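2 protein chains.
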Amino acid sequence: MKTIPSPYLLYLGDAKDDLSVKTSRGVATWRPALCVGEHSAEGCEVSLGLPQLSFTDAVDKGAKTLIIGIANAGGSMSPQIIKHAIDALNAGMNLASGLHDRLSDHLEIVAAAKNNGLQIFDIRQPPNNLVVGNGRPRAGRRLLTVGTDCSVGKMYTTLALEKELKNRGVNANFRATGQTGILIAQSGIPIDAVIADFISGSVEMISPARDDGGWDLIEGQGSLFHPSYAGVSLGLLHGAQPDALILCHEFDRPHMRGIPGRPLPDLATCLKSNLEAARVTNPDAIAVGVCVNSSRLSPEQAKSACAEIERELGLPCQDPIAMGINRIADRLLECFDKSAAA
Amino acid sequence: MKTIPSPYLLYLGDAKDDLSVKTSRGVATWRPALCVGEHSAEGCEVSLGLPQLSFTDAVDKGAKTLIIGIANAGGSMSPQIIKHAIDALNAGMNLASGLHDRLSDHLEIVAAAKNNGLQIFDIRQPPNNLVVGNGRPRAGRRLLTVGTDCSVGKMYTTLALEKELKNRGVNANFRATGQTGILIAQSGIPIDAVIADFISGSVEMISPARDDGGWDLIEGQGSLFHPSYAGVSLGLLHGAQPDALILCHEFDRPHMRGIPGRPLPDLATCLKSNLEAARVTNPDAIAVGVCVNSSRLSPEQAKSACAEIERELGLPCQDPIAMGINRIADRLLECFDKSAAA
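Protein chains in written order, with the working numbering: chain A, 29 to 370; chain B, 29 to 370.
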């Protein structure tokens, strides 16, 4: 896997709402040190609160890559985006894009990159050198976030735990499996975009054997109980070979994402299935906590709902946004010896 | 999904051993009525026992498609195969190939197809119009074969059951998820070659709602316990939304395919996991039998081993090659009302 050169300039285009710059915002939130500024086009109505920089100013400030982290209708590149992409290359920045429409499919962008000796990264595009997984035990410690559903905070949880562990001097690295995560980590594989045969092998590739005592914290995807994406989740679970799982859940979500009428699994059933499947490649896999999104509840309701989960599952349960993730980090470090501490 | 026109001429090239014509043999075995003959090149040392026909003779006998169902080193097309492919097109046959090297990547083959108004089918290449699955209940009855491992007889079992049911006047159709199966069924999707997000959706596509009372018998792939391919197997299970499962197993296999040292799961555990996962999309899923490959055992050992499985799991257990599949068909029809009978 190639590394996306940093620091970044975050491209906002003419975005009108916050949702369409969600990816850029994720990078700005979790890796402020990677971001020298933002670049808006005429008509843009949002800001990430970073310095507004022209391409040449950004390069002067050290920017190495323009991040096209926007979601527009259809995921295609407008003539304006193409023009800006070429301008950025000519100014001296590499390009990374999360749009469905690939940079590499636009010959004028490819030519500009070549002329300037720069790289383009289509982060939805998996590498070509994937192999099938083998499940053989590998060195190192790995934690994976799993979920009752898609979009229940697995990336957020993984990054919050990385931050918490780093604050405690524990060697831990976020490993990315989705597009925002890949921009944050500067590398990774979009696991839902690989050929089905290579799901687990891709995860073995992003979290290879390590012997420095540190943790790989692997971003989960989907849910074993989501009928659209469970294959991705199971391959991820087997490939991650996790020592530890954190189960992620959103309180009071009315139905599985995208499927009105389909209820979420209960947490105990979901956790049991994930542990059984994880033990196919790591017989010692355990759960160390539950992370919830409690934004639909009042603080009192959230506290009570977390307490109930703690009683039922015997695991610390926190909303990482509202409550932090310290008790789950405590449990993780209690369960594994402290040799991981730097 | 397009249908591969029949009847077929089976191309053997200059194959030296039986393994390299395995795909063609599968077609000849299960769909003799589809095959007008075989075509060998100079130096070929195997035969399927079909009439040896030139391309023009085959066309005279009604052949609509040349099946390149051979496995050569690297899966690439030799200059000789390319020449023969073009000759076949010029003689008036469509082409279907299971090689990794795609027909559609050879411009001279594409041109010859166009000139002759004929089609080319790269059966390892999924269609472009895949969608994500939704798991919504759909009409019809479906059976899926699942396994303790890869290559334990899932395709054979599915086809043997189709034959048995048809012999009893039950409306049943084999649905293909692998390359040999696709040539046999004349359509299907190579499920391990789709983008991970589309696994379950692909299976929903090959076994759409049906209201004629008949069964879709879906070819399984991999195993929930194979660390390389379990994601494929789980997506297949969810997409199939099966009413009935048959568990397939090979006695005395020393380790999971391709992974020396990794034992196979025990049958009860494997069946339980498959049923739990199947019930995510079909809460009423049940198992109706166990099919074994007993070729490593003596007939007496096989009989005794099957009897032990029957006691343990409470399901009929047969080796479909050595013993037939009648008792499993009996159980299937006992468990579901007889409205499926034609």
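C-beta atoms are modelled at their ideal positions from N, C-alpha and C, and glycine is treated no differently.
Values in this document were obtained by computation on a predicted structure and should not be read as measured data.
Of the residues the options, which one's Cα is nearest the Cα of residue i?
| i | options | result |
| --- | --- | --- |
| Leu187(A) | Leu303(A), Arg164(A), Ile212(A) | Ile212(A) |
| Leu189(B) | Ala200(B), Gly90(B), Val180(B) | Ala200(B) |
| Leu275(A) | Leu252(A), Ile287(A), Pro288(A), His266(A) | Leu252(A) |
| Val160(B) | Gly286(A), Ile137(A), Asp347(A) | Gly286(A) |
| Asp365(A) | Arg169(A), Ala116(A), Ala306(A) | Arg169(A) |
| Ala313(A) | Asn354(A), Met284(A), Lys331(A), Cys363(A) | Cys363(A) |
| Ala101(B) | Cys178(B), Lys44(B), Gly90(B), Gly181(B) | Lys44(B) |
| Ser48(A) | Gly97(A), Leu341(A), Pro33(A) | Gly97(A) |
| Ala296(A) | Val260(A), Gly267(A), Leu264(A), Gly342(A) | Gly342(A) |
| Pro33(B) | Asn122(B), Gly41(B), Ile227(B) | Asn122(B) |
| Pro270(B) | Gly181(B), His283(B), Thr173(B) | Thr173(B) |
| Gly267(A) | Ala119(A), Leu292(A), Ile219(A) | Ile219(A) |
| Val318(B) | Val180(B), Asp115(B), Phe149(B), Gln108(B) | Val180(B) |
| Gly229(B) | Gly241(A), Gly259(A), Leu299(A) | Gly259(A) |
| Ala221(B) | Tyr184(B), Asn156(B), Met105(B), Val198(B) | Asn156(B) |
| Gly209(B) | Ile227(B), Asp225(B), Phe226(B), Tyr184(B) | Tyr184(B) |
| Val87(A) | Ala119(A), Arg196(A), Asn143(A) | Ala119(A) |
| Arg53(B) | Pro348(B), Leu78(B), Gly241(B), Gly71(B) | Leu78(B) |
| Val198(B) | Arg324(B), Lys182(B), Leu245(B) | Leu245(B) |
| Arg152(A) | Ala204(A), Ala113(A), Val138(A), Asp294(A) | Ala204(A) |
Could you give the first and the last residue of the continuous alpha helix (DSSP H) run that contains residue i?
| i | result |
| --- | --- |
| Asn143(A) | 135-144 |
| Gly54(A) | 50-58 |
| Arg359(B) | 354-363 |
| Asn118(A) | 107-119 |
| Arg339(A) | 327-341 |
| Phe83(A) | 83-88 |
| Ile212(A) | 207-213 |
| Ala296(B) | 295-306 |
Which chain B residues are close to residue i, counting only those with a beta carbon under 9 Å from its beta carbon?
| i | result |
| --- | --- |
| Asp150(A) | Here the premise fails: no neighbours, minimum Cβ distance about 15 Å. |
| Ser132(A) | Within chain B, no residue comes near Ser132(A); the closest Cβ sits about 17 Å away, beyond 9 Å. |
| Val222(A) | Ile223, Ala224 |
Going along chain A in order, which residues have a C-beta closer than 9 Å to the C-beta of residue i?
| i | result |
| --- | --- |
| Ile217(B) | Under the 9 Å cutoff, chain A gives no residues; its nearest Cβ is about 11 Å from Ile217(B). |
| Thr309(B) | Pro255 |
| Arg203(B) | None at all; the shortest Cβ gap to chain A is about 17 Å. |
In chain A, what lies closer than 7 Å to residue i by C-beta?
| i | result |
| --- | --- |
| Leu262(B) | Ala258, Gly259, Leu262 |
| Gly161(B) | Pro255, Ser256 |
| Ile119(B) | A small correction: the amino acid at residue 119(B) is Ala; Ile does not occupy that position in the sequence shown. The premise fails here: Ala119(B) is roughly 34 Å from chain A at the closest Cβ pair, so nothing lies under 7 Å. |
| Val180(B) | In chain order: nothing, as chain A lies at least about 17 Å away. |
| Ile287(B) | Asn162, Gly163 |
| Arg281(B) | Chain A residues near Arg281(B): none, gap ~16 Å exceeds 7 Å. |
Rounded to whole angstroms, how far is the Cβ of residue i from the Cβ of residue j, which I believe are closer than 8 Å?
| i | j | result |
| --- | --- | --- |
| Gln207(B) | Thr51(B) | 6 Å |
| Val74(A) | Pro35(A) | Not really, about 21 Å apart at Cβ, beyond 8 Å. |
| Phe279(A) | Ser326(A) | 11 Å between Cβ atoms; not a contact. |
| Ile223(A) | Ile234(A) | Incorrect: roughly 16 Å between the Cβ atoms, too far for contact. |
| Ile353(B) | Cys345(B) | Rounded, the Cβ-Cβ distance is 11 Å, inconsistent with contact. |
| Val316(A) | Leu360(A) | 5 Å |
| Ala357(A) | Glu232(A) | Going by Cβ atoms, the distance from Ala357(A) to Glu232(A) rounds to 26 Å, so no, they are not a contact pair. |
| Leu94(B) | Leu37(B) | 5 Å |
| Cys334(A) | Thr176(A) | About 15 Å separates the two Cβ atoms, so there is no contact after all. |
| Leu262(A) | Ala305(A) | 6 Å |
Could you tell me the boundaries of the beta strand (DSSP E) in which residue i lies?
| i | result |
| --- | --- |
| Glu190(A) | First-last for Glu190(A): 182-195, but that is the alpha helix (DSSP H), not the beta strand (DSSP E). |
| Gly267(B) | Per DSSP, Gly267(B) belongs to no beta strand (DSSP E); it is in the alpha helix (DSSP H), 258-268. |
| Ser125(A) | 122-125 |
| Ile287(A) | Looking at the DSSP string, Ile287(A) is not in any beta strand (DSSP E), and its letter there is neither H nor E. |
| Asn201(A) | 200-203 |
Check whether the Cβ of residue i lies closer than 8 Å to any heavy atom of the ligand FMN, and answer yes or no.
| i | result |
| --- | --- |
| His283(B) | Looking at this structure, you won't find the ligand FMN or any other ligand, since it has none at all. |
Please name the residue or residues paired with residue i in a DSSP beta bridge.
| i | result |
| --- | --- |
| Leu38(B) | Glu66(B), Ile95(B) |
| Leu172(B) | Ile246(B), Leu273(B) |
| Cys319(B) | Cys276(B), Gln346(B) |
| Phe226(A) | Paired residues: none, contrary to the question. |
| Asp150(A) | Ser125(A) |
| Ile314(A) | Ala272(A) |
Can you pull the chain A neighbours of residue i, defined as C-beta to C-beta under 8 Å?
| i | result |
| --- | --- |
| Glu304(B) | Ser301 |
| His128(B) | By Cβ distance, chain A contributes nothing, its closest Cβ being about 12 Å from His128(B), past 8 Å. |
Residues of chain B with a CB under 7 Å from the CB of residue i: which are they?
| i | result |
| --- | --- |
| His266(A) | Pro255, Ala258 |
| Ile234(A) | The contacting residues do not exist; Ile234(A) stays about 14 Å from chain B at best. |
Find the residues of chain B that neighbour residue i, judging by a C-beta separation of less than 8 Å, and give them in chain order.
| i | result |
| --- | --- |
| Ser52(A) | Per Cβ cutoff of 8 Å: no residues; Ser52(A) is ~23 Å from chain B at best. |
| Gly103(A) | The contacting residues do not exist; Gly103(A) stays about 14 Å from chain B at best. |
For a contact defined as C-beta to C-beta under 9 Å, what are the partners of residue i on chain C?
| i | result |
| --- | --- |
| Gly229(A) | The structure shown contains no chain C; the protein chains it does contain are A and B. |
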